[in-house]
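S.K.:
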Amino acid sequence: MSTAELMNRGMECLLRELGIIDAEQFISVIIRERDDYTKWQREYFDKMDPKEIEAAALAFDKQNPYKGDPKSIVS
97 MSTAELMNRG
107 MECLLRELGI
117 IDAEQFISVI
127 IRERDDYTKW
137 QREYFDKMDP
147 KEIEAAALAF
157 DKQNPYKGDP
167 KSIVS
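Under our numbering, the residues of the sequence shown are numbered 97 to 171, in order.
Right, here's the structure in full:
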């Protein structure tokens, strides 16, 4: 996937999930804060019990079933 395609898909997700105002706010926070996403994610998930992470992942999968080509996620 090209950078342009990735940016377009990311913006589509942000707009769909947050709406235009909150999507713009999110982008400005990301730019302004210069946070290390990997560090933030690690700190976020370290606070969660593994069973809680598993339950959230299973609930997300049930609500959002994969509709693409299964071979594309294995290769």
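Every residue, glycine too, gets a C-beta built ideally from N, C-alpha and C.
1) Have a look at Met107 and Tyr133 and give me their C-alpha separation to the nearest angstrom.
2) Go through its chain and collect everything with a Cβ distance to Ile123's Cβ below 8 Å, but skip five positions before and after it.
3) When the distance is taken between beta carbons, is Phe141 closer than 8 Å to Ile149?
4) What is the rounded straight-line gap between the Cα of Gly164 and the Cα of Asp118?
5) Would DSSP call Ser98 helix, strand or coil?
6) Helix, strand or coil: how does DSSP classify Asp118 here?
M.R.: According to the data block:
1) Locating residue 107 in the sequence shown gives position 11, counting from the first residue. Locating residue 133 in the sequence shown gives position 37, counting from the first residue. Answer to the nearest angstrom: the Cα atoms are 17 Å apart.
2) As a working mapping, residue 123 is identified with position 27 in the sequence shown. Excluding positions up to five away in sequence, the list reads Leu110.
3) Within the sequence shown, numbered from 1, the residue matching residue 149 stands at position 53. Within the sequence shown, numbered from 1, the residue matching residue 141 stands at position 45. In this structure, Phe141 lies closer than 8 Å to Ile149 by Cβ.
4) Here the question's residue 164 lines up with position 68 in the sequence shown. Here the question's residue 118 lines up with position 22 in the sequence shown. Near 28 Å, if we compare the C-alpha coordinates of Asp118 and Gly164.
5) Position 2 of the sequence shown, counted from the start, is the residue given in the question as residue 98. Ser98 falls in the coil class under three-state DSSP.
6) As a working mapping, residue 118 is identified with position 22 in the sequence shown. Helix, per DSSP.
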